[in-house]
Amino acid sequence: MQGKGVIKFFAVLLALVCLYQLSFTWVTRSVEADARNYAKGNSEKEKAYLDSISSQPVYPLFKHSFQYCKDRELALGLDLKGGMNVTMQISLSELIRSLANNNADVTFNQALHNADVIAKTSPENYIDIFMREYKKLAPNGKLAPIFSTQSNQSNLKFDATNSQVESYLRDQSNAAVTQSFNILRNRIDKFGVTSPNIQQQAGNRILVELPGVSESNKERVRKLLQGSAKLEFYATYDNQEVYPLLNNINGILAAKNKTVTKKDTTAAPAATAAADTAKNGGSLLSKVKQSAAKDTSAASLKNKSKLAETAPLFAVLNPSVGQGPQGPQLIPGPAVGISAVTDTAKVNNYLKSPEVQAVLPKNMKLLWGAKPAQGNKAVQLYAIKLSGAENGPVLSGEVITDAKSDLDQNSGGYEVTMEMNSEGAKSWRRATAEAAGNPGDENDNRSIAIVLDDNVVSAPRVSNEISGGRSSISGNFTQDETKDLANVLKAGRLPAPARIVSEDIVGPSLGQEAINDGLMSCAVGLAVVLVFMIIYYNNAGIVADVAVFVNVFFLMGVLTSLGAVLTLPGIAGIVLILGISVDANVLIYERVREELAAGKSKRIAIADGYKHALSSILDSQISSFLTGLILFIFGSGPIQGFATTLMIGIVTSLFCSLLITRVIFEWMLDKNMDIKVSNAWSANLFKGSNFAFVKNRFKFYAFSGIFILLGVASMLTRGFDYGVDFQGGRTYVVRFDKNVSTEEVHNQLDALLNRGTEVKSFGGANQVRITTNYLIDDNTTTGDNKVESTVRQGLAKISPSFKILSSQKVGPTIANDIKRSSIWTVIIAILVISAYILIRFRRWQFSMGAMVATAHDALLVLSFFSLFKGLLPFALDIDQAFIAAILTVIGYSINDTVVVFDRIREFLNLHHSKTDDPSVVVNQAINSTLSRTIITALTVIFVLIVLFVFGGDVIRGFSFALLVGVCFGTYSSICVATPIMLDFGGKKLNA
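Per my numbering, the sequence shown runs over residues 518 to 1508.
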């Protein structure tokens, strides 16, 4: 074998890289275990411990910090660690109404109503639907007068054509989605969730994943995500004015702390303490400055606690202090302090206390900055002056007509330019004139704070009065930051409400159970594969087992290095990889056995076995990889996790099966070790088989045809059990403290939820899964709360002790989109794989056989799920996981079919005489690969049985669909694909 040295070097290098990548997970798990031991069940204490060491080195060998390691550990999906997954949809209907200033035009409003109805079931862009409906109602109608206003004349003229209006609406809808994305991202960043994920999806949807969010926090998250953005402009106080007040608050808080142990403490000592603190302000300022310089990591708890005795507020809020010519001095501007993100809650509690509220001026509001300032770990506190109408802002965001990112001609950096309507221009002129003060005195200039959702986005210093309604905001901004800020500034003018149309909450207990079940299925599945290979292939099976171990190690390392998220279906993918990763070894070993039977030496037989099996291995694995790629492109969430695992597993298994095992065999040959590829009982198990597959093909056609016809009849009459993501609705997984009957739960809930409620067993006798479409069209927080409270009301009648482990909500629009995309995904998969077969085998008959077989497999599995619906002791739901199973089955079936086709092509080339009967040649080819077909099928089936038994309730339907599909796929590769190819090809196959 050539290149052994290169293979060894690459294998060692890959192993070291994988070991390094996986070590981050080991380090973080170790640190988190220390945190749990330290906290002894106190979650707040545990979080404080981890926060305190986030920037400290915890990986001694490379001196990496805990946060660095945490960012690179193996990420777990929400279905494994618990959390909340939400899909937001921007209401373009309300956006259009807002852009038209709620115009009362009858035709306009009727077109919007029609578009709303159609959009519920159509994947078409909302703007396209609206324009079409308006044209139907008013063929000669003009939209420009409805949308063209004084505030947007620069973008849309009064005499604009409908095409120009359509273009304007598209631009504004895209901007609204982008603005909503930025606003949501900003809110989520401040929510305090570890490793949140937010993605802008196709159309007007935004995906939000919040790991660790529990049932108790879901209401807060809903309000956070669905609340409308509030943009305001405020006058500000200067740091010099506010520092004495903060100093006074320190004294008040210090005195209050003493009253914990002195019950007779009066207000006089507090006032005295405050006066003493104010008197020694200079020395305190020096202490705070020194503390800030020495203790920026929040790790030195001793220094903090000492400062907290005399200055509780400044222990968690460092004043805005800089180094002046004569020592520490206050930094001019509205920023009065900076605090670690983890300390902001404590600062807020201090400021909300009655004693502090009593001394704070009524026209002062202290607000945090919108984004962390120092290494993403600290945020500034701003002093806002309430000086506008009704003691509020000087200006609100509704006056802004446009804002965009631009180059700052003076500094060469980036700035934001904004335009206001006439009313806003007047107010802005007055506000900036007041903030500028004396234009000739720079020290008299003040700032105006731009506030979004009570967070300060920017607080630029105003040097001159700004007239005309056009101004700019400059600062140390990146281009992306100015784009985001421009979008934020336009948020007030483009109110596009974001509604939750899909929601999935997994409790930590159910997530932990999923992890345990997944690990159990992996362990048992691995043991089954290892034992079976040794039993059947003797010590050559041990070599294959080594390859399986190395494959799993490489797979986990690559997953971690790519930042992939491991989901429960992803674990199922790993278990499945354990089964199919030995397929290449089976092909090689079967070829080696044939070469040995032909009288070749072991060295030559092994070399020829690898050589002759290569074509089949590559074709089969590439077809499976294409299936994974299609799943990755069209799937979402956990399904993408399954596809990622499947694709990476195929690549790593090829490397291990073709190269690692070959190096091991070469080493064994060099050491003159005895290599055996069979045991006495398995050596001749399928040798000389001559089953009449081709002759009996019409019987197979009849069986498949009858089964599919019965299935289609069942689909039309009995239908399917659709999962919530296919039909819309809400699902709750509930665990009781006692065994309950599904009928009892159904009777209690059905009367409360307007009928149509489904209740199924989910695991043990004390767990059920409830599905209801009650109020499914209500996307408001009130609707969500009403449904859940109604469910809880019914459950409480059965037993007061129950726990909702997880909940899921899918709106009808999302459900229709999922159903539609699933159908297209299956069709595209069949076409892509058929095209690949056509390219590889260069005969359309082979492609036709593959296409018919894949469609046949999909129909058989669908028929099975319809025919046996309600007859088995577990749910046979049609959902996204089922579609993933169908596509995996298609990939496996093609894998099998390609191997058979490859041997048929080889036999046809050997028996190329025109007098040879193709049916005889094809039948011989099928029988020659029977050993490989059966052994691979058994390996995968064993693993899937393990997955079905030990994988847990969440993926039981998924694993069962795979199990049924693999059986049908093995059958179709021999009994359907090949006969179809033969019947369409006939004598032409010998041409």
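Glycine residues also receive a C-beta, built at the ideal position from the N, C-alpha and C atoms.
Hey, residue i and residue j: beta-carbon distance below 8 Å or not?
i	j	result
residue 1186	residue 1120	yes
residue 1132	residue 1419	yes
residue 1406	residue 1374	yes
residue 1182	residue 1192	yes
residue 1238	residue 602	no
residue 535	residue 1075	yes
residue 1174	residue 1057	no
residue 604	residue 658	no
residue 473	residue 529	Residue 473 lies beyond the stretch modelled for the chain, which goes from 518 to 1508, so this question has no answer here.
residue 920	residue 934	yes
residue 531	residue 552	no
residue 922	residue 1000	yes
residue 1315	residue 1265	yes
residue 646	residue 632	yes
residue 1353	residue 1141	no
residue 686	residue 613	yes
Pull up the CB-CB distance for residue i and residue j, whole angstroms please, since I reckon it's below 8 Å.
i	j	result
residue 856	residue 895	6 Å
residue 1378	residue 1477	In fact, because the Cβ distance is near 10 Å, the residues do not count as touching under 8 Å.
residue 628	residue 650	4 Å
residue 1248	residue 1137	Contact flag wrong, Cβ pair sits at about 37 Å.
residue 1159	residue 1084	7 Å
residue 851	residue 966	6 Å
residue 593	residue 690	Not really, about 35 Å apart at Cβ, beyond 8 Å.
residue 1127	residue 1194	The Cβ separation is near 12 Å, so there is no contact.
residue 1464	residue 1042	7 Å
residue 1049	residue 1467	Residue 1049 to residue 1467, Cβ: 17 Å. No contact.
Leaving aside the five residues before and after residue i along the sequence, list all residues of the same chain whose C-beta is less than 6 Å from its C-beta, in chain order.
i	result
residue 570	583
residue 522	none
residue 749	910, 913, 968
residue 1203	1447, 1448
residue 694	607, 721
residue 1231	1383, 1384
residue 1134	1101, 1104
residue 1454	1487
residue 1088	1035
residue 1200	none
residue 1267	1274
residue 462	This structure leaves residue 462 out entirely; the chain is present only between 518 and 1508.
residue 1163	1090, 1145
In its own chain, which residues sit with a C-beta less than 7 Å from the C-beta of residue i, not counting the 5 before and 5 after it?
i	result
residue 1591	This structure cannot settle anything about residue 1591, because the visible part of the chain is limited to 518 through 1508.
residue 1402	1475, 1478, 1479, 1482
residue 810	Since pLDDT at residue 810 reaches only 44, below the 50 mark, its modelled position is unreliable, and no value is offered.
residue 813	For residue 813, the predicted model reports a pLDDT of 41, less than 50, meaning its position is unreliable; a value from the coordinates is still stated below. Excluding residues within five positions, none has a Cβ falling inside 7 Å.
residue 663	617, 620, 622, 625
residue 848	756, 837, 838, 839
Ordered along the chain, which non-local residues of its own chain (more than five positions away) have a Cβ less than 8 Å from that of residue i?
i	result
residue 829	767, 770, 771, 774, 867
residue 871	none
residue 1372	1347
residue 1358	1364, 1418, 1422
residue 1343	1375, 1400, 1403, 1404, 1407
residue 996	922, 931
Contact between the region 1271 to 1291 and the region 1213 to 1224 (3+ Cβ pairs under 8 Å)
no
Can you give, in chain order, each stretch of the alpha helix (DSSP H) that sits fully within the region 906 to 988 and has at least 4 residues?
Correct list: 939 to 953.
If we require 3 or more residues per run, which beta strand (DSSP E) segments fall completely within the region 1280 to 1326?
Listed in chain order, the complete beta strand (DSSP E) runs (minimum 3 residues) inside the region 1280 to 1326 are 1281 to 1289.
Does the pairing of the region 1110 to 1120 with the region 1391 to 1400 give three or more beta-carbon distances under 8 Å?
no
Counting only runs of 3+ residues fully inside the region 1085 to 1162, write out the beta strand (DSSP E) ranges in chain order.
none
I'd like the ranges of any alpha helix (DSSP H) spanning at least 4 consecutive residues and lying wholly in the region 629 to 653.
none
Ignoring anything shorter than 4 residues, give me the alpha helix (DSSP H) runs that lie fully in the region 1328 to 1388, in order along the chain.
Fully enclosed alpha helix (DSSP H) runs of 4 or longer: 1329 to 1358, 1361 to 1384.
Using a Cβ distance threshold of 8 Å, determine whether the region 963 to 981 contacts the region 673 to 683, with at least three qualifying pairs required.
no
Whether or not the region 1336 to 1346 and the region 1032 to 1048 are in contact is what I'm after, with contact meaning three or more pairs of Cβ atoms, one per stretch, closer than 8 Å; do they touch?
The region 1336 to 1346 and the region 1032 to 1048 do not touch, with fewer than three beta-carbon pairs separated by less than 8 Å.
Would you check if the region 872 to 892 and the region 837 to 849 touch, i.e. whether three or more CB-CB distances between them fall below 8 Å?
no
Let me know the beta strand (DSSP E) ranges lying completely inside the region 541 to 619, each 3 residues or longer, listed in chain order.
574 to 576, 600 to 607
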